[in-house]
Amino acid sequence: MQKSIVTLSLILLFSITTQAQSKFDSCEKEWKKVELFELKGLPKSALAEVEKIHKKAKNSGNHPQLVKTLLYKSKFALTLEEDAQLNIINTLKKEAAEQKFPTKNILESIIADIYWQYFQQNRWKFYNRTNTSEKVDSTDFRTWDLQTIFEETHRHYQQSLVNALQLQKTDLKQFDDILHLQENSKKYRPTLYDFLAHKAIGFYKTDEGNLKRPSYKFEIDNPKLLSTNADFTKNQMYAKDSLSQQLHALRLYKNLTLSHSNDTDPIALVILTLERLDFVKQNAVFQDKDSIYLSALQDLQSQFKANEIVTEIDYRIAALYNEQANDYTPNENTENQWKRKEALQICKEAIAQFPNSTGAEKCKTLESQILAKSLQITNEQFVPINTVSRLLVTYKNTDKLYFKAYEI
38 MQKSIVTLSL ILLFSITTQA QSKFDSCEKE WKKVELFELK GLPKSALAEV EKIHKKAKNS
98 GNHPQLVKTL LYKSKFALTL EEDAQLNIIN TLKKEAAEQK FPTKNILESI IADIYWQYFQ
158 QNRWKFYNRT NTSEKVDSTD FRTWDLQTIF EETHRHYQQS LVNALQLQKT DLKQFDDILH
218 LQENSKKYRP TLYDFLAHKA IGFYKTDEGN LKRPSYKFEI DNPKLLSTNA DFTKNQMYAK
278 DSLSQQLHAL RLYKNLTLSH SNDTDPIALV ILTLERLDFV KQNAVFQDKD SIYLSALQDL
338 QSQFKANEIV TEIDYRIAAL YNEQANDYTP NENTENQWKR KEALQICKEA IAQFPNSTGA
398 EKCKTLESQI LAKSLQITNE QFVPINTVSR LLVTYKNTDK LYFKAYEI
């Protein structure tokens with residue numbers, strides 16, 4: 038739990054303090070005192086300084102510093118308090134109820150993340166508990182059953198995305214410190230809405246919450262969900278199973294797609310579309326999903342063929358062909374006999390057209406895998422004396438094979 042909260046604190050802390058540099062007092066001198074006490078191994082003294090900054094930030098309306106102090110208080114609480122986990126959540130929930138956009142949104146996302154991380158670290162406890170009609174303790178998430186922890190995590194992720202239009206207008210360039218740690222993040226997730234929505238999608242893409250779904254559970258059974266953005270965004274995304282994680286993931290993909298539909302730079306839209314297509318293909322229950330997936334990729338490819346982002350699409354198509362090649366069986370299933378050759382050709386063309394693109398780098402890796410030499414020899418486990426035995430020789434990218442037999 039400690040590692041999770043500290044990691045989360047650093048991620049969100051960097052984004053908030055960067056925003057604060059031009060609008061709010063960064064309290065640099067005060068934070069140097071905190072750092073000095075930390076280095077000396079004096080968490081109580083460090084916490085006392087954090088409390089002073091917290092009071093100052095609250096009185097002056099310095100929201101970024103307020104959140105920073107909350108995260109540091111959480112960090113020190115894990116060292117100093119017995120019931121730190123519960124106290125941290127209660128403090129964050131209290132502050133979230135008092136704060137406004139966008140601080141409230143960020144705090145709600147932090148709360149959801151802590152719930153989700155706690156579940157991941159203690160899943161065995163939740164799977165061994167029976168569902169109850171009421172929470173054992175409505176304030177202590179450590180006592181909740183599986184359904185409750187998922188519902189509460191879902192609720193806080195949803196609250197983190199309130200005022201979506203404002204979030205979509207909040208440029209993530211303000212948060213350079215966090216994006217400096219994640220190469221090319223600003224290209225793919227340029228707004229605060231992108232950042233928070235993808236954190237929520239990370240939760241919704243898991244299938245663990247589906248273990249106790251109703252008989253009418255939502256399923257991805259509509260091929261239009263695996264189609265062009267224009268067709269995909271026409272879907273209403275309604276279902277009786279309102280708590281379905283897959284349903285909420287699709288809703289967020291739809292909202293994100295609409296928010297980027299008029300971008301002058303297509304990079305964020307294309308990467309988002311590819312993520313959505315991969316998610317639907319992986320979870321779809323309808324027939325012929327591979328061919329429908331391929332068709333959607335080819336439509337996307339033709340739409341953005343003049344932009345280097347097309348190599349990301351090229352890579353997906355080549356990877357699909359390479360996967361299909363594994364189904365080739367001599368004299369039986371010959372449909373995919375030359376798929377690996379087609380995959381290799383797509384990779385070569387992508388690398389030649391946009392050699393410095395990220396998609397080209399992925400194609401180079403796939404090309405190396407396809408061209409790698411391999412040799413496998415399989416024989417019977419037991420061979421009777423004075424009988425003929427066969428060996429199965431499987432090889433790839435090898436021109437000649439030499440065999441020698443030795444008498445033992």
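Be aware that the sequence shown starts at 38, since it is given in the numbering used here, and climbs by one per residue.
The C-beta atom is built at its ideal place from N, Cα and C for all residues, glycine as well.
* **Length of the line joining the Cα atoms of Leu438 and Ile308** => Their Cα atoms are separated by approximately 44 Å.
* What's the gap between the Cα of His217 and the Cα of Lys224? -> Its pLDDT being 45, under 50, His217 is placed unreliably in this model, and the coordinates cannot settle the point.
* Asked: What did DSSP end up calling Ser426 once you bin it into helix, strand or coil?
  -> Looking at Ser426 - three-state DSSP - the assignment turns out to be coil, as it is neither helix nor strand.
* **Rounded separation between Tyr330 and Met274 - CA only** => Taking the straight line from one Cα to the other gives about 20 Å.
* What did DSSP end up calling Asn266 once you bin it into helix, strand or coil? -> If DSSP states are grouped into helix, strand and coil, Asn266 belongs with the helices.
* Compute the distance between the beta-carbons of Thr34 and Phe240, then report whether it is under 8 Å. => Because the chain is modelled from 38 through 445, residue 34 falls outside the range shown and cannot be assessed.
* Closest by CA to Tyr109, which one among Thr185, Ala85, Asn299 and Asn393? -> Minimum Cα distance to Tyr109 is reached at Ala85.
* Close Cβ partners of Ser197 (< 6 Å) along its chain, the five nearest in sequence each way excluded -> Result list for Ser197: Asn142, Glu145, Ser146 and Leu233, in chain order.
* **Nearest-angstrom Cα separation, counted from Lys236 out to Gln406** => Just so you know, the alpha carbons of Gln406 and Lys236 end up roughly 32 Å apart.
* **7 Å CB neighbourhood of Pro260 in its chain, flanking five on each side removed** => Same-chain partners within the cutoff: Phe323 and Ile329.
* Asked: What's the gap between the Cα of Ala121 and the Cα of Trp68?
  -> Ala121 and Trp68 have their C-alpha atoms spaced approximately 22 Å apart.
* Between the CA atoms of Lys401 and Leu381 - distance to the nearest angstrom -> Per the coordinates, the alpha-carbon of Leu381 lies some 10 Å from the alpha-carbon of Lys401.
* Reducing DSSP to helix, strand and coil, say where Tyr34 ends up. => The question about residue 34 has no answer, for the chain in this structure spans 38 to 445.
* Asked: What is the DSSP secondary structure of Leu165, counted as helix, strand or coil?
  -> One point to set straight first is that residue 165 is Asn, not Leu, in the sequence displayed. Taken through DSSP and simplified to helix, strand or coil, Asn165 comes out as coil.
* To do: Check Asp327 in the structure and name its three-state DSSP category.
  => Helix, per DSSP.
* Asked: Should Val104 go down as buried or exposed, given a rule of 16 or more other Cβ atoms within 10 Å for buried?
  -> It is buried - the Cβ of Val104 has at least 16 other Cβ atoms within 10 Å.
* To do: Compare the Cα-Cα distances from Thr431 to each of Asn266, Glu349, Asn416 and Asp302 and report the closest residue.
  => Residue Asn416 is the option with its Cα nearest to Thr431.
* Kindly indicate which residue of Ile350, Asn96, Trp181 and Asn292 has the alpha-carbon position closest to the one of Lys162. => The shortest Cα separation from Lys162 among Ile350, Asn96, Trp181 and Asn292 belongs to Trp181.
* Asked: Ser298 by DSSP, collapsed to three states: which one?
  -> Note: Ser298 maps to coil in three-state DSSP.
* Alpha carbon to alpha carbon, how far is Thr207 from Lys89? Give it in angstroms, no decimals. => C-alpha separation (whole angstroms): 30 Å.
* Asked: Using the C-alpha atoms, what's the distance from Lys342 back to Ile388?
  -> In a straight line, the C-alpha of Ile388 is about 13 Å away from that of Lys342.
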